[in-house]
């Protein structure tokens, strides 16, 4: 607030005074917040070479991570296998629109490959439906225990 008083210049209207004081109070609050934040950071020693775990690791955490990785590998294998079972046109549509789209829209991809937008969209939707059904069937057959 010293700065506000030290300015000592007349302002043209009451509205200007109100805006000036409002901005001064806002800036003071922001400065106070940033100073407290800097002070807190100074109090906490940071060592770059120490890797702290996100959570307390127990003996089962590594097994859980291994199971997650194995499940992810199994699902990726199912996706690859499912893509191989798709008809060529649907496989190609999924390859263009999802796997190699590089951020392009379906319309742009279709134009660059000489395929109508509606055709490409329809083939990719049909391919995704078939792929989903294939994966669901594969997962259901794996869950049934063998007698």
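In the numbering used here, the protein residues as written are 3 to 149.
We put the beta carbon where it would ideally sit given N, CA and C, even for glycine.
Next item on the list: State yes or no: is the C-beta of residue 95 within less than 7 angstroms of the C-beta of residue 129?
Entry: In the chain shown, the residue the question calls residue 95 occupies position 93. In the chain shown, the residue the question calls residue 129 occupies position 127. Against a cut-off of 7 angstroms, the Cβ pair of residue 129 and residue 95 comes out as a contact.
Notebook entry, point to check: What did DSSP end up calling residue 117 once you bin it into helix, strand or coil?
Noted result: In the chain shown, residue 117 corresponds to position 115, counting from 1. Note: residue 117 maps to coil in three-state DSSP.
Check: If residue 78 and residue 132 are in contact, beta carbons under 8 angstroms, what's the gap, nearest whole angstrom?
Finding: As a working note, residue 78 is residue 76 in the chain shown. As a working note, residue 132 is residue 130 in the chain shown. Between residue 132 and residue 78 the Cβ distance is about 18 angstroms, and since that is not below 8 angstroms, they are no contact.
Notebook entry, point to check: From which residue to which residue does the alpha helix (DSSP H) around residue 92 run?
Noted result: By 1-based counting over the chain shown, the position of residue 92 is 90. Start and end: 90-96.
Margin query: Considering only their Cβ atoms, is the gap separating residue 111 from residue 101 smaller than 7 angstroms?
Written below: To locate residue 101, count along the chain shown from 1; it is residue 99. To locate residue 111, count along the chain shown from 1; it is residue 109. Taking C-beta atoms as the reference points, residue 101 and residue 111 fail to come closer than 7 angstroms.
Margin query: Am I right that residue 137 and residue 65 are in contact with their C-beta atoms under 8 angstroms? What's the rounded C-beta distance?
Written below: One-based indexing of the chain shown puts residue 137 at position 135. One-based indexing of the chain shown puts residue 65 at position 63. In fact, because the Cβ distance is near 25 angstroms, the residues do not count as touching under 8 angstroms.
Note to self: Can you check whether the C-beta of residue 66 is within less than 7 angstroms of a C-beta belonging to chain D?
What the structure shows: Protein chains in the displayed structure number just one, and chain D is not present.
Check: Does DSSP classify residue 11 as helix, strand or coil?
Finding: For the purposes of this step, residue 11 is taken as residue 9 along the chain shown, with counting starting at 1. Looking at residue 11 - three-state DSSP - the assignment turns out to be coil, as it is neither helix nor strand.
Next item on the list: Below 8 angstroms on the Cβ atoms is my guess for residue 32 versus residue 22; work out the distance and round it to an integer in Å.
Entry: For the purposes of this step, residue 32 is identified with residue 30 of the chain shown, where counting begins at 1. For the purposes of this step, residue 22 is identified with residue 20 of the chain shown, where counting begins at 1. That pair is no contact at about 16 angstroms.
Item checked: Exposed unless 16 or more other CB atoms sit within 10 angstroms - verdict on residue 18 -> Locating residue 18 in the chain shown gives position 16, where the first residue counts as 1. Its Cβ having fewer than 16 others within 10 Å, residue 18 is exposed.
Next item on the list: Count the other CB atoms, across all protein chains shown, that sit within 10 Å of the CB of residue 25; report buried if there are 16 or more and exposed otherwise.
Entry: For the purposes of this step, residue 25 is taken as residue 23 along the chain shown, with counting starting at 1. Under this definition residue 25 is an exposed residue.
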